[in-house]
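Student: Have a look at this one before I ask anything.
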Amino acid sequence: MASHPWLHRYALLTAVATIVLISIGGLVTSHGAGMAVPDWPNSYGYNMFTFPVSMWVGGILWEHSHRLAGSVVGLLTLVLTIWLNGRPAAKWLRWGSVMVFLLGLLAATSNKVKLDNVVFLVGTGVAGVGLSFFWPRNDPISPRLAFWGNVALIVVVVQGLLGGLRVTALADWLGIFHGTLAQCFLVLVCSLALVTGGWWARLNAEPQPMPVPNKVRRFLLATTLLILGQLALGASMRHQHSGLAVPDFPLAHGKVWPATDAVSMEKYNQVRLDHRDFKPITAGQIHLHMAHRIMAVVVFVHVLASLLKLRNAVGGAHPLARLAGGWFGLICVQAGLGIWTVLSNKAADIATLHVIVGAASLVTGALLTLLAASVFRPQKSASEIKL
Amino acid sequence: MLTLTAVAFFAGHASAGDVTGKITLKGTPAPEKDIPMDPACGALHPGKKPTTRFYVADASGGLADCVVYLEGAKGGSAADKPVVIDQKGCEYLPYINSAQVKQTIRVLNSDPVMHNVHPTPSADGNKEQNKAQLPKGAPLEFTFEKPEKFLRFKCDVHPWMFSYVSIFDHSSHTVSGKDGTFKITGVPDGKYKLVVEHRKGGKVEKEIEVKGGAKADFTIEAK
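Heads up: the sequence lines are chains F and G, in that order. Here my numbering is used: the first residue of the first sequence is 3, the next is one more, and so on. Here my numbering is used: the first residue of the second sequence is 750, the next is one more, and so on.
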């Protein structure tokens, strides 16, 4: 596949915007501000784009910024998807915009919908229809990339709905899926950025002399999935909104394995004197926290093993071995941030950094696996790889 | 229905009285933590730093904010007045409250800043809600169907703001005042278990006999 420099830069921009979005999402949960704006898609009755800046105070600042950043990523993804699909997508853009325009007209007939929402819908519809006559003009990049672009668009829409429903349905558990799907979306967008770039095109242009053995490739995949599982555990802990279930390290409530009988639980909760006055912790939350610690050790060992296996199989100078070195470095930083999160009593900035480096670790593992499974796959010469 | 229950409750009892007493804090709790308020809220507390309110005791050791109730009591007079909680200086006042099931809990906003009022019950049948309240906005009202101890009200705009309401299916409950004293009025004669619960200090209880009234003092140990 030929490289597409501007598409690649645009996909990179979308990936960076997604990391920013995940970071703000981390700040939302770290500051306990997920419910600071009780309505959705409006914000305190305003269209979210006309919500006065003077009202962005306290927890509202985090939650509203997250919503706006989500809108930006949604728009970037829509454009990326249309770009990947090329000229045929112009009619989707046109008819989709017509639907938005008609929705705006319908909304105008209702007393319950404020004027700013009507103007937003009608204006977006008109702009989309107009744009569809000029753009896109390019040929589809490739059927497979167009497919993954469509998947990205569906995921970002589902992700937005999950975030909104988590607020309106007062459902903490939806936040767990929202947090985990965000990581999967980031992997997808970063993969699109990788495969549209010049490096990928150059690797594809010539056969790679040192392919990655199948066993190692499968190990990389397993390790990446373990990281995803670990991030899902982390999301489950964050969305309990109970602060730290275990406040000490390396011990846990002063023991190697903490007691979780009723008397101990009462004692733990009585000595939790934090101005954030978290919900009382439960035995289940302590078990979840301990599972996250155990899983951290498993992930650490797996990433180290991935690095060693790659170096043994293809040598230390191989680009994937060097990338795996960076991956192991990230996991070390991540382990340190996990410990710091506990020792800082879940300080918002540290806990958010822990989320960001976790996301970076997942992306690194996923891209390594993608590279090992495609351009560095043993049985296949690079010229056979079609994207 | 509540009236009928109350009539039935009092018909079987010859007389009634007040259950009074004082709760004293024993030991020294950890110092309260400063609350890192944002500038808008901090400006509402000129010259002082607001702190947490885990243990509020007076000079004599009288411990405020203990929920006091007769365990297993039934019925009693229906609550005709709402429990009022105000948001003042970006704090909920009072911090600890008690109410009856279906009793109106009215939340005011006396602040010049916006809040959201977000009760987060845990008992089945009590509904979680989240409502916006503009500066000096109209009061918000809540009711709960099931008994629940320390039902948490929070503001997510200001994540240090909490108030707790214990909900009972009878009228024999109260919250200790600033000096640690309490009074449950109109308790029919009989034998009861009098329970005192503090959010951090835990639970103590005594068997009491009410004969035209009763008095019982408690000690809660700082954890």
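Cβ coordinates follow ideal geometry from the N, Cα and C atoms, glycine included.
Under the three-state reduction of DSSP, which class applies to Q272/F: helix, strand or coil?
Tutor: helix
Student: Once DSSP output is grouped into helix, strand and coil, what is the label at P868/G?
Tutor: strand
Student: Between which two residues does the beta strand (DSSP E) containing E65/F stretch?
Tutor: Premise fails: E65/F lies in the alpha helix (DSSP H), 60-87, not in any beta strand (DSSP E).
Student: What span of residues does the beta strand (DSSP E) with D835/G cover, start to end?
Tutor: Taken as a continuous stretch (DSSP letters only), the beta strand (DSSP E) holding D835/G covers 832-837.
Student: Answer yes if the region 291-310 of chain F comes into contact with the region 263-276 of chain F, meaning at least three C-beta pairs across the two stretches below 8 angstroms, and no otherwise.
Tutor: Taking a cut-off of 8 angstroms for Cβ pairs, the region 263-276 of chain F and the region 291-310 of chain F do not touch, as fewer than three such pairs fall below it.
Student: Which of the three DSSP states, helix, strand or coil, is assigned to H320/F?
Tutor: Coil at H320/F, not helix or strand.
Student: With H, G and I counted as helix, E and B as strand and the rest as coil, what does DSSP make of G962/G?
Tutor: coil
Student: Go through its chain and collect everything with a Cβ distance to V128/F's Cβ below 8 angstroms, but skip five positions before and after it.
Tutor: S99, F103
Student: Within the continuous alpha helix (DSSP H) that includes H149/F, where are the two ends?
Tutor: In the sequence as displayed, the identity of residue 149/F is Phe instead of His. It spans 145-170 - the alpha helix (DSSP H) in which F149/F sits, taken as one unbroken run.
Student: Could you please give the first and the last residue of the uninterrupted alpha helix (DSSP H) stretch that includes V365/F?
Tutor: 350-375
Student: With 16 as the cutoff for other CB atoms within 10 Å, does W8/F come out buried or exposed?
Tutor: exposed
Student: Quick one: residues in its chain with C-beta nearer than 6 angstroms to the C-beta of I143/F, no 5 flanking neighbours on either side, listed in chain order?
Tutor: Same-chain partners within the cutoff: L86.
Student: What residues from chain F crowd round V906/G, counting only those whose CB sits closer than 8 angstroms?
Tutor: A35, A38, V59, G60, G61, I62
Student: Under 8 angstroms between the Cβ atoms of I933/G and V768/G?
Tutor: The answer is yes: Cβ separation under 8 angstroms.
Student: Would T801/G pass as an interface residue toward chain F - the criterion being a Cβ-Cβ separation below 8 angstroms?
Tutor: Contact with chain F is found for T801/G, since one of that chain's Cβ atoms lies less than 8 angstroms from the residue's Cβ.
Student: Using the Cα positions of P211/F and L325/F, report the straight-line distance between them to the nearest angstrom.
Tutor: Using only the alpha carbons, I get a separation of about 17 angstroms.
Student: Please say whether G929/G and K771/G have beta carbons closer to each other than 8 angstroms?
Tutor: Yes; because the gap between Cβ atoms is below 8 angstroms, this pair is in contact.
Student: Under the criterion of a Cβ to heavy atom distance below 7 angstroms, does T366/F qualify as lining the ligand NAP?
Tutor: This structure does not include the ligand NAP; it has no bound ligands of any sort.
Student: Which partner residues of F912/G appear in the DSSP bridge assignment?
Tutor: With the sequence shown as reference, residue 912/G is identified as Ser, and Phe is not the correct amino acid for it. Bridge partners of S912/G: F902/G.
Student: Whose C-beta lies closer than 6 angstroms to the C-beta of F803/G among residues of the same chain, with five residues either side of it excluded?
Tutor: K949
Student: For V316/F, is the classification buried or exposed, using 16 other Cβ atoms within 10 angstroms of its Cβ as the cut-off for buried?
Tutor: buried
Student: Excluding sequence positions up to five away, which residues of its chain have a Cβ less than 8 angstroms from the Cβ of L857/G?
Tutor: V833, I834, D835, Q836, P888
Student: Answer with buried or exposed for V159/F, where buried requires no fewer than 16 other C-beta atoms within 10 angstroms of its C-beta.
Tutor: exposed
Student: Check whether the region 791-802 of chain G touches the region 818-828 of chain G, counting contact only when three or more Cβ pairs, one atom from each stretch, lie closer than 8 angstroms.
Tutor: The region 791-802 of chain G makes no contact with the region 818-828 of chain G: fewer than 3 CB pairs, one atom from each, lie closer than 8 angstroms.
Student: Check whether the Cβ of Q287/F lies closer than 8 angstroms to any Cβ atom in chain G.
Tutor: Residue-level contact by beta carbon fails for Q287/F and chain G, as no gap is shorter than 8 angstroms.
Student: Within a Cβ cutoff of 7 angstroms, which residues of the same chain sit near L370/F, ignoring the five residues on either side of it in sequence?
Tutor: L222, L322, L325, A326, W329
Student: Taking A789/G as the query, report the chain F residues whose CB atoms sit under 7 angstroms from its CB, ordered along the chain.
Tutor: V59
Student: Going by beta-carbon coordinates alone, are A91/F and G61/F separated by less than 8 angstroms?
Tutor: Going by C-beta atoms, A91/F is not nearer than 8 angstroms to G61/F.
Student: Taking the C-alpha atoms as reference points, what is the distance between Q849/G and D263/F?
Tutor: 31 angstroms
Student: Closer than 7 angstroms by beta-carbon distance: list the chain C residues that pair up with R278/F, in chain order.
Tutor: No chain C appears in the structure shown, which is made up of the protein chains F and G.
Student: Determine the DSSP secondary structure at L812/G, reduced to helix, strand or coil.
Tutor: strand
Student: Can you tell me the Cβ-Cβ gap for H241/F and V248/F, rounded? I've got them flagged as a contact below 8 angstroms.
Tutor: Between H241/F and V248/F a beta carbon distance of about 17 angstroms is seen, past the 8 angstroms cut, so the two are scored as non-contacting.
Student: Any beta carbon from chain G within less than 8 angstroms of Q242/F's own beta carbon?
Tutor: no
Student: Q272/F touches chain G at which residues, Cβ-Cβ below 8 angstroms?
Tutor: K949, G950, G951, K972
Student: Indicate whether T20/F and V191/F have their beta-carbon atoms separated by less than 8 angstroms.
Tutor: The Cβ atoms of T20/F and V191/F lie closer than 8 angstroms to each other.
Student: Answer yes if the region 218-235 of chain F comes into contact with the region 162-176 of chain F, meaning at least three C-beta pairs across the two stretches below 8 angstroms, and no otherwise.
Tutor: no
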